[in-house]
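Just below is one structure, and these are the notes that go with it.
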């Protein structure tokens, strides 16, 4: 009797623990599902909005790319939350295994990205960006990805060059555009009647009509807070993913 009671008590405790994991997984994945649905809704709204917001986003390549990143993240979270919810509440081993494998792939991809970022960290220096800018930036060629990306950065952050407008001296840009000291993307935005005059003065090097701050400092200053927040979120996300994988595997093994 003693052994039978102990076995029954152990089975009951195991069942209660399994139920607790099951409902924790459901609540956790339901929140992920809602977050993914929200991001998908925002991304789709921006793309189909008839009030003109889409045109504002489309005019800025960085914002336009950001919309597709939001859609991709929303879709991934939507699928992840859906699989986790269904697998937990229905106690479906196939869905739980698929959920586990998907989180494992995401975890490994994030780990690989972190390792690559550490290995290639020397490529994120001012000297590297300056050398690449001098070698590849053309100024007006919108079909060149490198040039159009730099134009978008300088326009968005109101900056010029990596360190300053002096970065364009002895560069490919000055070879192609011999009458210009800086590209048009470096000019201050002026919509007045004298806009064409200020632009002409900017192109020949007038400091009054151009942005004189380097893009390296401008981007770092802008994203300084977000870098620390992103680092903290990355640690939280990796921890959550580890717990999600453990919970999914425990539930998978506990289902009879």
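In my numbering, the protein residues as written are 958 to 1213. Ideal placement from N, C-alpha and C gives every residue a C-beta, glycine not left out.
*Decide yes or no for the touch test of the segment 974-994 against the segment 1037-1046: beta carbon pairs closer than 8 Å, at least 3 of them.*
Counting Cβ pairs under 8 Å, three or more are found: they touch.
*Could you round the C-beta distance between residue 1133 and residue 1095 to whole angstroms and report it? I think they count as a contact, below 8 Å.*
The C-beta separation of residue 1133 from residue 1095 comes to about 6 Å, placing the pair in contact by the 8 Å criterion.
*Would residue 1156 pass as a contact of residue 1141 if the rule is Cβ separation under 8 Å?*
A distance below 8 Å separates the beta carbons of residue 1156 and residue 1141.
*Since residue 1103 is in the alpha helix (DSSP H), which residue starts that stretch and which ends it?*
Start and end: 1102-1114.
*What does DSSP give as the partner residues of residue 1207 in its beta bridges?*
Answer is none; residue 1207 lacks a bridge partner.
*Look at residue 1000 and residue 978 and say whether their C-beta atoms are less than 8 Å apart.*
Against a cut-off of 8 Å, the Cβ pair of residue 978 and residue 1000 comes out as no contact.
*asked:* Only counting the same chain, and skipping five residues up and downstream in sequence, which positions put a Cβ closer than 6 Å to that of residue 1128?
replied: By the criterion of a C-beta distance shorter than 6 Å, residue 1128 is surrounded in its chain by 1091, once the five residues flanking it on both sides are discounted.
*Just how far apart, CA to CA, sit residue 1203 and residue 975?*
So the two alpha carbons sit approximately 12 Å from each other.
*residue 1115 to residue 1146 span [Cα, whole Å]*: A straight-line Cα-Cα distance of about 9 Å links residue 1115 and residue 1146.
*Coil, strand or helix - residue 937 by DSSP*: With the chain running from 958 to 1213 in the structure shown, residue 937 is simply not present.
_Anticipated Cβ contact below 8 Å, residue 1138 with residue 1162, distance rounded_ = Contact holds; Cβ gap of about 4 Å.
*Is the distance from the Cβ of residue 1034 to the Cβ of residue 1065 below 8 Å?*
No; because the gap between Cβ atoms is not below 8 Å, this pair is not in contact.
*Take residue 1101 and list the residues in its own chain whose beta-carbon comes closer than 7 Å to its own, dropping the five residues that flank it on each side.*
Excluding five sequence positions before and after residue 1101, the CB atoms of its chain that fall closer than 7 Å to its own CB belong to 1095, given in chain order.
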